[in-house]
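Visitor: Here the sequence shown stands for residues -20 to -1, 1 to 139, where the numbers follow mature numbering (1 follows the signal peptide of the UniProt record, and there is no 0).
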Amino acid sequence: MRVIASLPALALPALLAACAQQSTGVATPQPAPTSASGGTTLRPPANARTEEQFDTTSAEERAAAASAPASSERQLGSTVASLGDPAEPGFWLETPMVSSVTKGRVVYPATGKSAQVELRPIEGPASGGSRISLAAMRLIGAPLTDLPTLTVYAGGASG
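1) Got a sec? Which residues, its chain only, sit under 6 Å from VAL97 by beta carbon, not counting five neighbours each side?
2) Is the beta carbon of ALA61 closer than 7 Å to that of PRO128?
3) My parser needs the beta strand (DSSP E) runs of 3 or more residues fully inside the segment 27 to 110; what are they?
4) For a test of the three-state rule: what should DSSP assign to ALA134, helix, strand or coil?
5) Would you say THR59 and VAL132 are within 7 Å of each other, going by their C-beta atoms?
6) Which residues in the same chain as ALA95 place their Cβ atom closer than 6 Å to its Cβ, once the five residues preceding and following it in sequence are excluded?
7) Confirm, please, whether the CB-CB distance from SER51 to THR75 is below 7 Å.
8) If I'm right that LEU56 touches ALA134 with Cβ under 8 Å, what's the distance once you round it to whole angstroms?
9) Using a Cβ-Cβ cut-off of 7 Å (strictly less than) and excluding sequence neighbours within five positions of ASP35, which residues of its own chain qualify?
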């Protein structure tokens, strides 16, 4: 009976030791991803709440993404896109329309605006939906809560 009564007292030091080994709650910094232009795109801060805080692209990156398309691009088709992970920086479109990462461009017909993007393959039929980055969605003027239909081109980024 005395052994059972002393179990909680014996377990307490073990529990306290386990608590001391837990994470401090501070995130380990991850290396910043590199953008297609060779620069570094910063991840949004952990406390980001607004689209401006999540969109960490620079004015230069936005200007490059809005630049004129290359003449060698080819239209892949249209896709309905939703907002992708807002914490993933850069200009990209995750789409089943490509089988490997490639440069491309998306056009939002409602505004006529386009953005140079990295086309990233995802599983699904070519007619399936896509996910677009926050930065690209803002650049083409698409409402963040909509599901815009975009025209997708491969080879649209000019050197």
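Glycine included, each C-beta is placed from N, C-alpha and C at the ideal position.
Guide: According to the structure data:
1) PHE71, TRP72, LEU73, GLY84, VAL86, ALA116
2) yes
3) 54 to 63, 72 to 75, 82 to 88, 93 to 101
4) strand
5) yes
6) ALA45, PHE71, VAL86, ALA116, LEU119, ILE120
7) no
8) 5 Å
9) LEU114, ALA115, ARG118
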